[in-house]
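Oh and the sequence shown: position 86 is 86 in the UniProt record's numbering, straight run, nothing missing. Glycine is no exception: its CB is placed at the ideal position from the N, C-alpha and C atoms. None of these values were measured; they are calculated from a predicted model. Scroll down for the structure; my scribbles are underneath it.
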Amino acid sequence: MLHARYDTRLGCDVMTMTYIEIGEWPLMQTAAQAVRTAVFVQEQGIAPEDEWDADDATALHAVLLDGNGQPLGNARLLQPCANTAKVGRMAVLREMRGKGYGARLLQALLLEARRRGNQEVRLNAQRTAERFYAAHGFAVVGTPFDEVGIPHVEMRLSLV
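See the structure below:
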């Protein structure tokens with residue numbers, strides 16, 4: 001089921017027109033898997049068995065697509081407890097980074113979290129992305145830790 005579509009156009013050229021679709025795994029799976037395989041499995045060397053988990057079936061997925069419907073980025077939103085959402089598996093294709101697409105994906109999921117009435121959003125950020133999330137209001141909680149061989153830190157954002 002498609003929950004929402006956000007237009008993120010930058011201009012008239014079909015290559016710069018993008019949109020974000022938000023929906024459940026059966027609808028988003030093909031596009032999300034393409035991005036996550038390129039970024040996490042191929043680029044970062046994460047084992048495929050560590051990338052795919054049962055949370056995909058229950059998460060809300062956001063996929064950034066170009067004007068031709070090609071996936072450029074994705075993220076997912078989980079609901080681990082009543083008033084808390086968790087962002088995960090956020091990725092933008094290497095050649096599309098630095099263009100604001102990650103910010104658009106994050107903002108779309110934060111909007112969905114607010115619509116659900118969540119009071120807090122959590123995520124486990126790769127240390128290389130820590131400043132990106134801090135720029136969006138997330139604060140580090142606790143000490144760094146290792147997840148699938150990559151340094152991470154837990155971060156939280158209050159929505160109240």
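Express the C-alpha separation of residue j and residue i in angstroms, rounding to a whole number.
i: residue 26; j: residue 112; result: 19 Å
i: residue 118; j: residue 52; result: 25 Å
i: residue 91; j: residue 99; result: 13 Å
i: residue 157; j: residue 83; result: 12 Å
i: residue 147; j: residue 50; result: 10 Å
i: residue 44; j: residue 93; result: 12 Å
i: residue 41; j: residue 110; result: 26 Å
Could you tell me which residues DSSP pairs with residue i in its beta bridges?
i: residue 152; result: 126 and 145
i: residue 66; result: 18
i: residue 121; result: 85 and 157
i: residue 61; result: 23 and 76
Who are the Cβ neighbours of residue i in its own chain at under 7 Å, not counting the five residues just before and after it?
i: residue 139; result: 155 and 156
Return the chain-ordered list of same chain residues with a C-beta closer than 6 Å to the C-beta of residue i, the five sequence neighbours on each side being excluded.
i: residue 80; result: 86
i: residue 102; result: 92
Can you list, in chain order, the stretches of the beta strand (DSSP E) that have 3 or more residues and sit fully within the region 77–102?
-> When DSSP assignments are scanned along the region 77–102, the uninterrupted stretches of beta strand (DSSP E) that are 3 or more residues long and fall wholly within it turn out to be 84–92.
contact_flag[the region 74–85, the region 130–146] where n(CB pairs < 8 Å) is 3 or more = They do not touch, by the three-pair rule.
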